[in-house]
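Q: Those letters in the sequence shown? Residues 2 to 345, by my numbering. Just so you know, even glycine gets a beta-carbon here, dropped at the ideal spot from N, CA and C. Note that this is a predicted model, so its numbers are computed, not measured.
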Amino acid sequence: MQTLTITKPDDFHLHLRDGVALASIVNHTAAQFARAIVMPNLKPPVVNTEMALAYRDRILKCVDEKYNFEPLMTLYLTDNTSAEVVKVAAESGVVKALKYYPAGATTNSDQGVTDIRKTAVALEAMMGKGLPLLVHGEVTDHDVDVFDREAVFIDRVLAPLVQDFPDLKIVFEHITTHAAVDFVLQSGGKVAATITPQHMLLNRNDLFKGGLQPHHYCLPVLKAETDRLAILDAATSGNPKFFLGTDSAPHARNTKETSCGCAGIYSAYAAIEMYVEAFDKASKLDRLEAFSSRYGADYYGLPHNEEQITLIKQTQTIPATLPLGDNELVPFRAGGTCSWQLKN
Ligand code: NCD
Ligand code: ZN
Numbered sequence: 002m003q004t005l006t007i008t009k010p011d012d013f014h015l016h017l018r019d020g021v022a023l024a025s026i027v028n029h030t031a032a033q034f035a036r037a038i039v040m041p042n043l044k045p046p047v048v049n050t051e052m053a054l055a056y057r058d059r060i061l062k063c064v065d066e067k068y069n070f071e072p073l074m075t076l077y078l079t080d081n082t083s084a085e086v087v088k089v090a091a092e093s094g095v096v097k098a099l100k101y102y103p104a105g106a107t108t109n110s111d112q113g114v115t116d117i118r119k120t121a122v123a124l125e126a127m128m129g130k131g132l133p134l135l136v137h138g139e140v141t142d143h144d145v146d147v148f149d150r151e152a153v154f155i156d157r158v159l160a161p162l163v164q165d166f167p168d169l170k171i172v173f174e175h176i177t178t179h180a181a182v183d184f185v186l187q188s189g190g191k192v193a194a195t196i197t198p199q200h201m202l203l204n205r206n207d208l209f210k211g212g213l214q215p216h217h218y219c220l221p222v223l224k225a226e227t228d229r230l231a232i233l234d235a236a237t238s239g240n241p242k243f244f245l246g247t248d249s250a251p252h253a254r255n256t257k258e259t260s261c262g263c264a265g266i267y268s269a270y271a272a273i274e275m276y277v278e279a280f281d282k283a284s285k286l287d288r289l290e291a292f293s294s295r296y297g298a299d300y301y302g303l304p305h306n307e308e309q310i311t312l313i314k315q316t317q318t319i320p321a322t323l324p325l326g327d328n329e330l331v332p333f334r335a336g337g338t339c340s341w342q343l344k345n
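#1: Check whether the region 194 to 202 and the region 229 to 247 touch, using three or more Cβ-Cβ pairs below 8 Å as the test.
#2: If you measure from the CB of residue 220, is any heavy atom of ligand 1 nearer than 7 Å?
#3: Quick check on the burial criterion: 16 or more other C-beta atoms within 10 angstroms. Buried or exposed for residue 260?
#4: Quick test of your reading: residue 35 and residue 308, contact by CB under 8 Å. State the CB separation rounded to the nearest angstrom.
#5: Taking the CB atoms as reference points, tell me whether residue 61 and residue 99 lie closer together than 8 Å.
#6: So what does residue 100 bridge to, in DSSP terms?
#7: To the nearest angstrom, report how far apart residue 13 and residue 79 are at their CA atoms.
#8: Could you tell me if the beta carbon of residue 217 falls within a distance shorter than 7 Å of some heavy atom in ligand 2?
#9: Give the range of the alpha helix (DSSP H) segment to which residue 30 is assigned.
#10: Please report the residue range of the beta strand (DSSP E) in which residue 36 lies.
#11: Put residue 284 into one of helix, strand or coil per three-state DSSP.
#12: Distance, Cα to Cα, residue 291 vs residue 18?
#13: Taking 7 Å as the cut-off, does the CB of residue 29 come closer than this to any heavy atom belonging to ligand 3?
#14: Straight-line CA distance for residue 139 to residue 192?
#15: Use the C-beta contact count for residue 177: other C-beta atoms within 10 angstroms, 16 or more gives buried, fewer gives exposed.
#16: So, using beta-carbon positions, are residue 288 and residue 237 closer together than 8 Å?
#17: Check whether the Cβ atoms of residue 26 and residue 269 lie closer than 8 Å to each other.
#18: Applying the criterion that 16 or more other CB atoms from any shown protein chain within 10 Å of the CB defines a buried residue, is residue 274 buried or exposed?
#19: Which residue from 104, 180, 330 puts its Cα closest to that of residue 22?
#20: Does the separation of the CB atoms of residue 264 and residue 218 fall below 8 Å?
#21: Residue 2: buried (16+ other C-beta within 10 angstroms of its C-beta) or exposed?
#22: Would residue 101 and residue 136 qualify as a contact pair, given that the criterion is a beta-carbon distance under 8 Å?
#23: If we count the other Cβ atoms within 10 Å of its Cβ and call it buried at 16 or more, is residue 20 buried or exposed?
#24: Would residue 152 pass as a contact of residue 180 if the rule is Cβ separation under 8 Å?
#25: Taking 7 Å as the cut-off, is the C-beta of residue 19 nearer than that to any heavy atom in ligand 2?
#26: Kindly indicate the opening and closing residues of the beta strand (DSSP E) around residue 193.
#27: Just checking: is the beta-carbon of residue 2 within a distance shorter than 8 Å of some beta-carbon in chain C?
#28: Using CA coordinates, which residue listed in 257, 254, 175 is at the minimum distance from residue 228?
#29: Quick one: give me the first and last residue of the alpha helix (DSSP H) that residue 308 is part of.
Below is the structure:
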C-alpha cells in the first residue's frame, strides 16, 4: 500500500469559532496540523491583543492533551485600528497577522474595513513591524458580477495597495482565479497566497450539480474550470509563494440548508487528505510537503515542525454529518469518500 510521510503541516487559514462549536471541531485540525492561523471573525471580532490572548486560551482549553497544537492568532483590521494596537500585537509574539475583510464581503465582516485608505496608519505600523496583512480579496459592489469580485479587487484595491506599501507583507487569502495566480506571480516577494482544498478540487458546476449544493457554497465562490486548473497548477508548482490554508469554516446545517444560506465549507475533518488526493491526481505528490509544511512557515518566519504524519492511500468514507455544539454540520464531501487517509 502506498504511504506518504511528511513533516506535520500547518494550516495558514482556519476558522475555529468559539464556545461549544469550537470545542466540537478544534481537534479535527489538531489531529492533522501543528499550527494554524486562526481567523478573527468572531462576534464581536477579535480586534486587539487582549482579546486574541483570551481567545487563544479558550482554544487551548479545548485541544485534546495528546496534541501539540499551537494557534497562531490574528486581529481583525477595522477603520479604527491604531498604530498602538499594531505595536502591542507585534510585540506580543502571539499575534502573527491582521486580517482585512472588506465590510460586507463574507461571514461576520460587517465591522470590516469600509475603505482601505482609512487603515493607512495601521498598515504603516504593520510594515514597520513586519506583520503580514491577510486579505479577503473581493469587492462588494453590487454592480460587480459575483464571479468577478476577486479579479476586480485586484485592479481596484490590491494592485494600488502593493504599490503604496511595497514593504508590507500581504497574503492574498484563498485565491480562486487565474487572475489572482498571475497577480501573485508578478508581485514581489512580499506577496504570497493561500490555497484551499475546495478551490483545487471543485469548480462552479459543483454548486449546481443535480440541484443546488449549499455545502459547496463558500466565499470567494467556486470559479470556472480554467480557474481551478490555474489554482491547481499554482499549488503544485513548487513556488514558495503558494501555501496551504484550508479556510475550513463550520456552519450549522440549518444555516446552510435554508432560504438564505451562509458561506463556508468545513474541510478540517479530512483536510490534509483532500490536498494529498489533489496532488496525487495531478501526479505532483513530491511537491506536497513543501506546500503543506514549509513554504507557509518560511513566509511567516516560523521554524519547520519536527513531528511527522503518515498518510496511506486507502479510501475513507467522510461522515454525513459531524456534531457542532447542539447542532450538526455537513463536512466537505459528506457521505462520499477520499482516496487517502491519515494514519493514527
Ligand atoms: C468564512 C466563514 O464562514 O467565516 N466563510 C467562507 O465562505 N470562506 C469567512 C471567509 O473566509 O470568507
Ligand atoms: Zn476564511
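A: A quick look at the data gives this:
#1: Flag = yes, the region 194 to 202 and the region 229 to 247 touch.
#2: At least one heavy atom of ligand 1 is nearer than 7 Å to the Cβ of residue 220, so yes.
#3: Classification for residue 260: exposed.
#4: Contact holds; Cβ gap of about 6 Å.
#5: Against a cut-off of 8 Å, the Cβ pair of residue 99 and residue 61 comes out as no contact.
#6: In DSSP, residue 100 forms a bridge with 77, 135.
#7: The alpha-carbon of residue 13 is positioned some 21 Å away from that of residue 79.
#8: Outside the cutoff, so no.
#9: Element bounds for residue 30: 20 to 31.
#10: Its beta strand (DSSP E) spans residues 36 to 39.
#11: Here residue 284 sits in coil by DSSP.
#12: Taking the straight line from one Cα to the other gives about 28 Å.
#13: In the structure shown, ligand 3 is absent; the only ligands present are ligand 1 and ligand 2.
#14: So the two alpha carbons sit approximately 16 Å from each other.
#15: Residue 177 comes out buried.
#16: It is a contact, given that the beta carbons lie within the stated cut-off.
#17: Contact annotation: residue 26 and residue 269 have beta-carbon atoms nearer than 8 Å.
#18: The residue in question, residue 274, is buried, as its Cβ has 16 or more Cβ neighbours within 10 Å.
#19: For the options 104, 180, 330, the alpha carbon positioned closest to that of residue 22 is the one of 330.
#20: Against a cut-off of 8 Å, the Cβ pair of residue 218 and residue 264 comes out as a contact.
#21: With fewer than 16 neighbouring CB atoms inside 10 Å of its own CB, residue 2 falls in the exposed class.
#22: For residue 101 and residue 136, yes; Cβs fall inside 8 Å.
#23: The residue is exposed, with fewer than 16 neighbouring Cβ atoms inside 10 Å.
#24: Yes, the Cβ-Cβ distance between residue 152 and residue 180 is below 8 Å.
#25: Checking the 7 Å criterion, the Cβ of residue 19 is out of range of every heavy atom belonging to ligand 2.
#26: Per DSSP, residue 193 belongs to the beta strand (DSSP E) from 192 to 196.
#27: The chain inventory of the structure shown lacks chain C, comprising one protein chain alone.
#28: The shortest Cα separation from residue 228 among 257, 254, 175 belongs to 175.
#29: If you look at residue 308, you'll find it isn't in any alpha helix (DSSP H); DSSP assigns it neither H nor E.
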